[in-house]
Amino acid sequence: MNPSRPSDTEQPAREPTPGPALEIPKAELQQALNTILAASLRPLAAGLGGLYVLFTVAHLLAVPWPVGVILSVVAGLTAVVLFLLTFALGRFVVPAPWAHPVGAGITALVLGNCLQQLWLIHDPRLTINFMLLAVGTGFFALSTRWLIGALLVTLLGWAAVMWQSGPLPAREHYGFGLLSAAVLAVLIHVARVRALRRLEGLRLRDEAMKAQLQVALAKVEAARQAEAASKRELVEVNAALQRSEARTRALLDAVPDRILKLSQAGVLLDFKGERPEELFLQSGPVIGASLHEVLPRPPADQLLHGVSRALATCQMQTLEFEQTAGGVTRFFESRLVKSGEGEVIAIVRDISQRRRAEAERQIMERRLQEAQKLEHLGQMAGGIAHDFNNLLTTVLGNASLLKRGFLEDSAVYCQLTAIEKAAMQAAGLCQQMLAYAGQGEFVFRRLDLNAVITDLGDLLASSAGKNVALQFNLAPDLPPVEADESQVRQVLLNLVVNGAEAIGEQPGVIRITTGTFRADRDYLAACEVCAEPKEGQYAIFDVADNGCGLSAETKEKIFDPFFTTKFIGRGLGLAAVQGIVRTHRGAIKVTSEPGRGATFRVLLPCTETPISPAPTRPPAAADWRGRGTVLLVDDEEEVRKVAGRMLETLGFGVLGARDGQEAVETFLVLADRITVVVLDLVMPRLGGEEAFRQIRRIRPSAPIILISGYSEQETLKAFADSGPVPFLQKPFKLEELRAKLRSVLAEQEQGKS
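Mapped onto the numbering used here, the consecutive letters of the sequence shown carry residue numbers 2 to 754.
Structural data, given as structure tokens:
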């Protein structure tokens with residue numbers, strides 16, 4: 002046997018050889034014999050262990066001392082070893098290759114006891130133990146090599162002991178008996194192994210036939226299941242094919258695309274789709290017609306080229322074409338793919354809505370860019386106007402104060418008046434900058450555009466120049482608009498001046514036309530200026546000139562600040578117009594070509610509210626003086642100085658503060674002494690808005706006048722929850738400050754009473 006051969010539990014599954022006569026390999030039979038031997042080791046060890054327990058007692062009783070004690074101890078130790086081996090064989094499975102080595106170990110234990118007993122007692126009759134060992138080994142060993150080895154060791158061991166014991170009577174007699182026992186052991190071994198081999202061969206052949214039968218049955222069952230699965234799969238495939246055809250049919254019926262089957266020559270072999278009149282020139286049957294018969298030449302040529310490319314490259318071709326049918330122009334996208342020998346499927350989709358959406362997206366992106374540009378420029382313009390108004394406050398305030406010391410007919414008085422006028426004109430420029438930034442001061446009311454244009458006629462004529470003739474075409478029954486009259490006047494004046502500059506020194510005509518116009522989203526989207534593209538009825542006024550006209554490049558820049566085509570520009574003319582119109586939620590449409598003049602159409606939303614009269618302010622008393630203490634808060638030192646002198650001129654004591662934090666701290670200490678607070682808005686540390694709220698928390702009834710270089714509407718947005726708040730726009734004159742203080746203090750007195 003081969004000790005390294007794995008046990009049958011470790012053998013891989015081996016399919017038996019098919020056929021009626023099965024040959025069982027010798028190695029497999031030997032493996033079976035080894036397994037039988039391994040299974041018999043535990044009962045053999047247990048039986049021998051019990052026998053040696055008896056020997057342990059018998060040696061003490063039958064053998065004289067001290068030999069009996071030695072034999073008894075050795076027999077006891079042998080019994081212990083055999084019982085331990087019995088326990089181990091019960092806990093662990095001995096692999097078949099190790100069955101013979103373990104059996105040889107058991108045989109060695111027994112042989113050792115026999116040799117020791119024969120050596121110590123020197124009685125040749127003990128050779129019977131060797132005979133029994135030889136015969137037992139013949140029953141036990143299932144391998145000829147291991148049997149011969151055990152018999153040789155037994156015979157040699159007996160011969161060696163008998164040789165050392167000297168001449169003993171009947172030694173030859175017992176030797177012959179031991180040899181006979183060895184021969185008997187071999188015969189027993191051969192007979193037993195042959196019987197076991199035959200029995201195991203039959204068993205293994207039966208198991209192999211069973212395994213072969215099971216494999217055959219499994220193959221038959223697998224074939225039956227495969228056939229059933231194939232039938233089910235075929236049924237499912239047919240059902241799926243029917244469902245797929247139904248889905249494809251429903252999908253083709255549902256999609257709005259037109260599907261054309263075309264030959265290589267461009268003949269329509271099949272067509273599927275609704276409303277063929279939107280695609281084809283004729284409304285009748287189109288099957289069998291060529292592309293040139295049902296389509297205009299350009300799209301027909303495009304499709305024919307796509308058919309050729311699809312057939313040549315076997316790749317999908319995509320193209321777009323334009324078609325006018327039924328008086329409507331539509332855009333189509335076609336995808337062509339080869340479907341057979343010399344045939345092409347063309348899927349044609351109407352992309353008109355997508356084209357319009359892309360155009361609208363481009364317009365919205367352009368407007369977003371314009372809005373961002375206007376926002377940045379507006380912030381800059383608003384900041385410049387605010388700072389400039391602070392400077393003008395110093396100039397205008399000092400001029401107003403100085404005028405009080407001179408007679409009206411004096412030269413100095415006239416010069417100071419000129420300074421005041423120049424400062425007010427500069428303030429007007431600041432208002433234009435604020436208007437461009439969308440932060441101008443607007444007083445909205447219902448206006449009649451015809452009346453505004455008529456009242457402004459003389460000023461427009463003088464602004465246009467003597468070489469320019471003004472023509473008015475005012476529509477009767479023009480609906481009113483909600484607008485700021487002064488800002489509308491500014492728009493008219495700027496447009497007329499712009500037209501006069503376009504005419505130049507040559508004689509020309511500027512026509513001002515009013516009317517109504519219903520603007521849709523497409524028209525508003527095409528306007529150069531449009532705040533909120535809202536469809537509806539608009540009141541319009543056109544300012545048209547016959548000047549030099551505008552190029553496309555110039556039209557894109559005319560509303561930029563300080564842009565001009567002249568050597569010296571006028572600054573914010575059309576830029577201010579843009580800001581004013583945006584604030585009025587209107588639009589501007591510019592129509593012009595180089596050399597053919599330009600028309601600026603301004604659209605303002607109509608309103609159904611009746612026209613209201615212009616607000617009037619009550620005249621302020623020129624000799625009014627106040628009393629008490631004014632807390633003057635402004636971070637500009639020059640503004641504090643001039644405003645402080647103006648307040649002192651009006652009879653007030655003045656407490657100055659450089660920022661909101663200092664103002665709050667001063668008011669907290671002197672709240673009862675302060676009559677009114679004049680508060681700037683934009684300051685470091687603590688701004689005017691937060692200072693206003695903290696002062697009102699200290700004394701809720703404290704009168705506060707806000708002053709700022711920004712417009713009133715823009716400033717008071719932050720104070721919408723505080724009720725009416727008095728406001729004075731920078732720059733201001735002494736008379737304006739007097740009127741505002743008088744009004745605020747009068748309201749406070751009325752509230753007390």
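By construction, the Cβ of each residue, glycine as well, lies at the ideal position given by its N, Cα and C atoms. Just so we're clear, the structure is a prediction, and the values are computed from it rather than from any experiment.
Under the three-state reduction of DSSP, glutamine 303 is assigned to helix. Contact check for tyrosine 711 and leucine 604: beta-carbon distance about 28 Å, past the 8 Å limit, so the pair fails to qualify. Excluding five sequence positions before and after alanine 266, the CB atoms of its chain that fall closer than 8 Å to its own CB belong to Ser291, given in chain order. Between the stretch 624-642 and the stretch 652-666, the count of Cβ pairs shorter than 8 Å is three or higher; the stretches touch.
Apart from sequence neighbours up to five positions away, the residues of its chain that approach glycine 598 with a beta-carbon distance below 6 Å are Asp546, Asn547, Gly548, Gly550, ordered along the chain. Per the coordinates, the alpha-carbon of histidine 585 lies some 22 Å from the alpha-carbon of phenylalanine 720. Taking each of Leu119, Glu201, Gly587, Gly158 in turn and checking the Cα distance to arginine 602, the smallest one comes out for Gly587.
If you check the CB distance, alanine 89 and valine 54 do not come in under 8 Å. Scanning the stretch 194-256 for uninterrupted beta strand (DSSP E) segments of 3 residues or longer gives nothing; none is fully contained. Comparing alpha carbon positions, the residue from Leu479, Leu263, Val489, Leu320 closest to valine 295 is Leu263. Exclusion of the five residues before and after valine 75 leaves Asn114, Gln117 as the residues of its chain whose Cβ lies within less than 7 Å of its Cβ. Within the same chain, Leu632, Leu656, Ala658 come within 7 Å of threonine 667 by CB-CB distance, once the 5 residues on both sides are set aside. In the assembly as shown, valine 70 is an exposed residue. Its beta-carbon has fewer than 16 other beta-carbons within 10 Å.
Annotation for tyrosine 524: the continuous alpha helix (DSSP H) segment containing it runs 522-526. In this structure, DSSP gives threonine 608 a state outside helix and strand, which the three-state scheme calls coil.
Secondary structure at asparagine 399: helix, using DSSP grouped into helix, strand and coil. DSSP, reduced to helix, strand and coil, places alanine 719 within a helical segment of the structure shown. With contacts defined as CB atoms closer than 8 Å, threonine 716 and leucine 729 fail to qualify as a contacting pair. Scanning its chain for C-beta atoms nearer than 6 Å, with the 5 sequence neighbours on each side dropped, one finds no residue around leucine 156. With contacts defined as CB atoms closer than 8 Å, glutamate 486 and threonine 608 fail to qualify as a contacting pair. Relative to threonine 650, the option among His123, Arg674, Gly629, Gln213 whose CA is nearest is Gly629. Assignment of beta-bridge partners to aspartate 351 by DSSP yields Phe333. If you compare the alpha carbons of Gln303, Asp271, Pro299, Leu461 with that of isoleucine 288, the shortest gap goes to Asp271.
Excluding the 5 residues flanking it on each side, leucine 83 has same chain C-beta neighbours closer than 8 Å at Ala46, Ala47, Leu49, Gly50, Tyr53, Ile107, Leu110, in chain order.
Taking 3 residues as the minimum length, the stretch 33-106 contains no beta strand (DSSP E) run wholly inside it.
Here DSSP, grouped into helix, strand and coil, assigns tyrosine 711 to coil. About 6 Å separates the Cβ atoms of leucine 152 and alanine 186, confirming a contact at the 8 Å cut-off.
Valine 510 is bridged by DSSP to Ala470. In the three-state DSSP reduction, leucine 450 falls in the helix class (H, G or I). Residues Tyr539, Ile541 of the same chain have their beta carbon placed closer than 6 Å to that of phenylalanine 518, with the five preceding and five following residues left out of the count. In the structure shown, the three-state DSSP call for aspartate 478 is coil. For arginine 674, DSSP records no beta bridge to any residue. Where aspartate 546 is concerned, the enclosing beta strand (DSSP E) starts and stops at 537-546. Per DSSP, serine 487 is one residue of the alpha helix (DSSP H) stretching across 486-504.
In this chain, alanine 658 is not harboured by any alpha helix (DSSP H); it is covered by the beta strand (DSSP E) spanning 654-658. Judged by DSSP secondary structure, phenylalanine 131 falls within the alpha helix (DSSP H) whose first and last residues are 128-141.
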